[in-house]
Amino acid sequence: LAKTTQPISMDSYEGQEVNITCSHNNIATNDYITWYQQFPSQGPRFIIQGYKTKVTNEVASLFIPADRKSSTLSLPRVSLSDTAVYYCLVARIHKLIFGSGTRLLVRP
Amino acid sequence: GAVVSQHPSRVICKSGTSVKIECRSLDFQATTMFWYRQFPKQSLMLMATSNEGSKATYEQGVEKDKFLINHASLTLSTLTVTSAHPEDSSFYICSAGLAGANTGELFFGEGSRLTVL
């Protein structure tokens with residue numbers, strides 16, 4: 500299973516765009532890139548998933564360069580409620596191994 | 031979307047007793063479910079893979095006699111923490127994925143916080 504590396508923490512302010520980059524140098528051909536969000540005392544929640552190029556949904560965008568060795572989760576105009584831990588995972592099966600995640604703090 | 035539910039959400043027990051946590055897939059069938067534990071300020075640690083109709087597969091370092099997993103139906107997996115001790119106090123989370131959708135998208139339960147006194 501490919502190992503991922505992402506910043507331990509990030510700070511932002513309400514209304515700003517936040518970009519969290521994850522590196523996954525050993526990603527395999529069949530791996531998908533998936534991001535999860537976790538609030539304290541809750542299970543993780545699926546945010547977005549992609550294989551290559553750009554994916555956008557109602558809450559985020561995911562940018563994946565051609566070599567797929569990294570990915571960037573983009574959260575537009577964050578609010579206080581986006582304060583959470585964000586996990587980047589790469590996998591082709593349901594067995595997910597979580598890394599340390601990025602603790603995002605959104606300030607007023 | 032697919033929903034996974036856990037029960038109880040919180041449980042407090044005395045040291046030496048056993049506690050059972052249930053994980054249900056409410057609107058889909060899950061041949062495989064996963065159990066994680068999470069300590070404060072730490073990431074999720076995969077404990078075991080629960081397989082319907084067969085034995086669970088435990089990750090290295092997880093005691094299978096301590097954490098009993100039963101997956102008797104396609105919608106229910108249970109985790110029993112036997113002879114619980116204070117160091118077993120943790121947040122336990124289960125998850126399941128849609129069969130055939132092997133892309134790494136999992137649906138997680140709300141988690142169960144176990145406190146052992």
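Same order as they appear, the protein sequences are chains A and B. For the first sequence, counting from 1, position 96 maps to 595 in our numbering; every step adds exactly one. For the second sequence, counting from 1, position 3 maps to 33 in our numbering; every step adds exactly one. Cβ atoms here follow ideal geometry from the backbone N, Cα and C, with glycine treated the same way.
Open item on the list: Can you look up residue 560/A in the DSSP assignment and give me helix, strand or coil?
Closed with: strand
- [ ] Please list the residues of the stretch 54-85 of chain B that have a C-beta atom closer than 7 Å to any C-beta atom in chain D, keeping them in chain order.
- [x] Reference to chain D is not applicable here, since the protein chains of this structure are A and B.
Task: Other residues of its chain near residue 43/B: CB distance less than 8 Å, five sequence neighbours each side excluded - done: 49, 114, 144, 145, 146 and 147
TODO: Taking the CB atoms as reference points, tell me whether residue 32/B and residue 58/B lie closer together than 8 Å.
DONE: yes
TODO: Would you kindly work out how many angstroms separate the C-alpha atoms of residue 543/A and residue 90/B, rounded to a whole number?
DONE: 23 Å
Open item on the list: For residue 512/A, report the span of its beta strand (DSSP E) as first-last.
Closed with: 508-512
Task: DSSP-derived helix/strand/coil call for residue 39/B - done: coil
TODO: Could you check which residue in 46/B, 124/B and 76/B has the C-alpha nearest to that of residue 117/B?
DONE: 46/B
TODO: Using DSSP bridges, identify the partner residues of residue 121/B.
DONE: 68/B and 143/B
TODO: Please classify residue 580/A: is it buried, with 16 or more other beta-carbons within 10 angstroms of its beta-carbon, or exposed?
DONE: exposed
- [ ] Using a Cβ cut-off of 9 Å, pull out every chain A residue sitting near residue 138/B, in sequence order please.
- [x] 535, 537, 541, 542, 543, 544 and 545
Task: Residues sharing a beta bridge with residue 538/A, DSSP - done: Bridge partners of residue 538/A: none, in fact.
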